[in-house]
Amino acid sequence: MIAIHEDNNLLVKGMGIEFSPSQRYDAYYGIIDFEFWLRHYVGEEYVGEEYVDEEIVDWVKANIHPLDISFKLAEHHGIVLLKSSGFDALNWSARVSFANLDDESYAAIGRSVRAIASGYVQAYQAFKGAVKA
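This note's numbering applies: residue 143 is where the sequence shown begins, and numbers increase by one.
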(Lines of atoms letter the chains of each structure in order from A and count residues from 1; the text may use other names and numbers.)
(Lines give C-alpha, C1' and ligand atoms only; values in the text may rest on other atoms or scores of the structure.)
Protein backbone atom coordinates (compact mmCIF):
# COMPACT_ATOMS: atom_id res chain seq x y z
CA MET A 1 0.00 0.00 0.00
CA ILE A 2 2.88 2.39 0.71
CA ALA A 3 4.21 1.90 -2.85
CA ILE A 4 0.82 2.82 -4.31
CA HIS A 5 0.70 6.02 -2.29
CA GLU A 6 4.24 6.83 -3.43
CA ASP A 7 3.20 6.34 -7.08
CA ASN A 8 0.33 8.75 -6.50
CA ASN A 9 2.75 11.26 -4.96
CA LEU A 10 5.10 10.94 -7.96
CA LEU A 11 2.27 11.71 -10.40
CA VAL A 12 1.14 14.70 -8.34
CA LYS A 13 4.70 16.02 -8.10
CA GLY A 14 5.26 15.49 -11.84
CA MET A 15 2.14 17.55 -12.57
CA GLY A 16 3.35 20.31 -10.26
CA ILE A 17 0.27 20.26 -8.04
CA GLU A 18 -0.64 19.86 -4.40
CA PHE A 19 -3.05 17.13 -3.37
CA SER A 20 -4.59 16.34 0.01
CA PRO A 21 -6.55 13.09 -0.28
CA SER A 22 -9.56 12.38 1.87
CA GLN A 23 -9.50 9.52 4.36
CA ARG A 24 -11.53 7.43 1.91
CA TYR A 25 -8.99 7.70 -0.90
CA ASP A 26 -7.33 4.31 -1.38
CA ALA A 27 -4.86 5.49 -4.07
CA TYR A 28 -5.37 2.48 -6.36
CA TYR A 29 -6.86 4.71 -9.05
CA GLY A 30 -6.82 8.41 -9.69
CA ILE A 31 -8.61 10.74 -12.06
CA ILE A 32 -6.69 13.50 -13.79
CA ASP A 33 -9.21 16.27 -14.43
CA PHE A 34 -7.49 18.14 -17.24
CA GLU A 35 -9.87 21.10 -17.25
CA PHE A 36 -9.46 21.65 -13.50
CA TRP A 37 -5.70 21.25 -13.78
CA LEU A 38 -5.48 23.70 -16.69
CA ARG A 39 -7.66 26.18 -14.83
CA HIS A 40 -5.64 26.06 -11.59
CA TYR A 41 -2.05 25.16 -12.43
CA VAL A 42 -1.08 26.05 -15.98
CA GLY A 43 -1.71 29.74 -15.42
CA GLU A 44 0.84 29.90 -12.65
CA GLU A 45 3.52 28.37 -14.84
CA TYR A 46 2.76 29.95 -18.21
CA VAL A 47 0.68 33.06 -17.60
CA GLY A 48 2.25 34.26 -14.35
CA GLU A 49 -1.00 34.37 -12.39
CA GLU A 50 -2.52 32.06 -9.82
CA TYR A 51 -5.30 31.04 -12.20
CA VAL A 52 -5.17 30.77 -15.95
CA ASP A 53 -7.29 33.26 -17.87
CA GLU A 54 -10.75 31.80 -18.46
CA GLU A 55 -10.33 32.74 -22.11
CA ILE A 56 -7.56 30.13 -22.47
CA VAL A 57 -9.73 27.41 -20.92
CA ASP A 58 -12.63 28.40 -23.18
CA TRP A 59 -10.35 28.37 -26.22
CA VAL A 60 -8.94 24.93 -25.37
CA LYS A 61 -12.43 23.50 -24.85
CA ALA A 62 -13.64 25.01 -28.14
CA ASN A 63 -10.60 23.99 -30.22
CA ILE A 64 -9.13 20.85 -28.66
CA HIS A 65 -11.00 17.54 -28.48
CA PRO A 66 -11.23 16.13 -24.92
CA LEU A 67 -9.43 12.95 -26.06
CA ASP A 68 -6.55 14.90 -27.61
CA ILE A 69 -4.46 14.90 -24.46
CA SER A 70 -4.91 11.13 -24.05
CA PHE A 71 -3.96 10.55 -27.69
CA LYS A 72 -0.90 12.81 -27.39
CA LEU A 73 0.17 11.04 -24.21
CA ALA A 74 0.07 7.75 -26.13
CA GLU A 75 1.54 8.99 -29.42
CA HIS A 76 4.33 11.23 -28.14
CA HIS A 77 5.08 9.81 -24.69
CA GLY A 78 4.09 6.12 -24.87
CA ILE A 79 1.59 6.58 -22.03
CA VAL A 80 -1.87 5.04 -22.27
CA LEU A 81 -4.56 6.26 -19.88
CA LEU A 82 -8.22 5.25 -19.83
CA LYS A 83 -10.88 7.79 -20.72
CA SER A 84 -12.59 8.25 -17.38
CA SER A 85 -16.09 8.97 -18.65
CA GLY A 86 -16.58 5.20 -18.54
CA PHE A 87 -16.06 5.50 -14.80
CA ASP A 88 -18.69 8.23 -14.45
CA ALA A 89 -16.10 11.02 -14.38
CA LEU A 90 -15.88 14.29 -16.27
CA ASN A 91 -15.37 14.54 -20.03
CA TRP A 92 -11.96 16.24 -19.78
CA SER A 93 -10.38 13.58 -17.57
CA ALA A 94 -8.43 10.33 -17.65
CA ARG A 95 -8.07 7.47 -15.18
CA VAL A 96 -4.70 6.33 -13.84
CA SER A 97 -4.06 3.02 -12.09
CA PHE A 98 -1.39 3.28 -9.40
CA ALA A 99 -0.80 -0.47 -9.19
CA ASN A 100 0.54 -1.33 -12.65
CA LEU A 101 3.62 0.70 -13.54
CA ASP A 102 7.11 1.27 -12.22
CA ASP A 103 7.54 4.32 -10.01
CA GLU A 104 9.23 6.57 -12.58
CA SER A 105 6.31 6.11 -14.98
CA TYR A 106 4.02 8.12 -12.73
CA ALA A 107 6.37 11.09 -12.58
CA ALA A 108 6.69 10.83 -16.38
CA ILE A 109 2.90 10.93 -16.74
CA GLY A 110 2.80 14.14 -14.71
CA ARG A 111 5.62 15.77 -16.68
CA SER A 112 4.03 14.68 -19.97
CA VAL A 113 0.67 16.20 -19.03
CA ARG A 114 2.46 19.45 -18.29
CA ALA A 115 4.29 19.34 -21.64
CA ILE A 116 1.07 18.79 -23.58
CA ALA A 117 -0.71 21.56 -21.68
CA SER A 118 2.21 23.85 -22.52
CA GLY A 119 1.56 23.12 -26.18
CA TYR A 120 -2.09 24.10 -25.76
CA VAL A 121 -1.10 27.39 -24.14
CA GLN A 122 1.38 28.07 -26.95
CA ALA A 123 -1.31 27.30 -29.55
CA TYR A 124 -3.67 29.70 -27.78
CA GLN A 125 -1.01 32.41 -27.68
CA ALA A 126 -0.28 31.90 -31.39
CA PHE A 127 -4.01 32.13 -32.11
CA LYS A 128 -4.27 35.37 -30.13
CA GLY A 129 -1.26 36.76 -31.99
CA ALA A 130 -2.81 35.83 -35.34
CA VAL A 131 -6.12 37.41 -34.36
CA LYS A 132 -4.42 40.70 -33.38
CA ALA A 133 -2.49 40.93 -36.66
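Don't be surprised by glycine CBs; every beta carbon is placed ideally from N, CA and C.
Alpha-carbon spacing of residue i relative to residue j, whole angstroms
i: Ser-162; j: Val-154; result: 10 angstroms
i: Pro-208; j: Ser-254; result: 16 angstroms
Per-residue DSSP class, three states only, for residue i
i: Ser-260; result: helix
i: Asp-175; result: strand
i: Leu-223; result: coil
Chain-order list of residues whose beta-carbon lies under 6 angstroms from that of residue i (same chain, five-residue window excluded)
i: Ile-258; result: Ile-211, Lys-214
Environment of residue i [buried if 16+ CB atoms lie within 10 Å]
i: Leu-152; result: buried
i: Val-199; result: buried
i: Phe-176; result: buried
i: Phe-269; result: exposed
Own chain residues within Cβ distance below 7 angstroms of residue i, not counting five before or after
i: Ile-206; result: Tyr-262
Nearest-angstrom Cβ-Cβ length linking residue i and residue j, presumed shorter than 8 angstroms
i: Gly-158; j: Ile-251; result: Not quite, the Cβ-Cβ distance comes to about 12 angstroms (not below 8 angstroms), so this is no contact.
i: Ile-174; j: Val-222; result: Their Cβ separation, rounded to whole angstroms, is 13 angstroms, which puts Ile-174 and Val-222 out of contact at 8 angstroms.
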